[in-house]
Structures are given as C-alpha cells and as structure tokens.
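Engineer: Numbering (this note's numbering), first residue to last: 30 to 120.
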C-alpha cells in the first residue's frame, strides 16, 4: 500500500499502485481482518482532505471502538440466546 509522509503539519501522498476506487472497495470489504494501520492508510488514500482526517483520528477511533463494543455485546447476546433456544439456527 502507499505511504504518507507527515512533514510540518502537511501530508504528502506518495504515488501508489492502489487506486482511490480500489481503496474504497477495500474499506467496504469487511469480510477479512485488516490491521489498524492498513485501515488508516486506506482512509488517507481515499480522503480528499487527509489533514482533517488526521485531526479527527482520535475521535474516529473512539467511535470505532464503541461500535466494536456494541457489536461484540450483540454477538454475545445472540450466542447466549441460541444456547437457550430462543434463536433458531438458520441454514
């Protein structure tokens, strides 16, 4: 993947083989695990204003962790409900 260099508050994008469309499809492709670094690099490649994204990174990460926590709770609830027979397995 491409790299970004951070110099005096500016982001310089290096030329990369990953196109913007491919980067967007990578973000939509959540059927595989990606590293947090790969996720942010893909976001920076597709964002028209990467500096704003860098400023908001902490807040975005906090929301992502909250969403992950909610999803984990729902998965656990469904597992427990399935064990108790309240949810039928659908094949």
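Built from N, CA and C at the ideal position, the CB exists for glycine as well.
DSSP state of residue 77, grouped into three classes?
Structural biologist: Position 48 of the chain shown, counting from 1, holds the residue named residue 77. Three-state DSSP puts residue 77 in coil, outside helix and strand.
Engineer: Do you know whose CA, among 94, 69, 98 and 97, lies nearest residue 84's CA?
Structural biologist: Taking the chain shown and counting its residues from 1, the one referred to as residue 84 is at position 55. Considering only alpha carbons, the answer is 69.
Engineer: Helix, strand or coil, according to DSSP, for residue 113 in the structure here?
Structural biologist: Position 84 of the chain shown, counting from 1, holds the residue named residue 113. Note: residue 113 maps to coil in three-state DSSP.
Engineer: For residue 74, count neighbouring Cβ atoms within 10 angstroms of its own Cβ and tell me buried if that reaches 16, exposed if not.
Structural biologist: As a first step, residue 74 must be located in the chain shown, where it is residue number 45. With 16 or more Cβ atoms within 10 Å of its Cβ, residue 74 is classed as buried.
Engineer: Beta carbon of residue 82, beta carbon of residue 89: below 9 angstroms?
Structural biologist: Taking the chain shown and counting its residues from 1, one reaches residue 82 at position 53. Taking the chain shown and counting its residues from 1, one reaches residue 89 at position 60. Closer than 9 angstroms, so yes.
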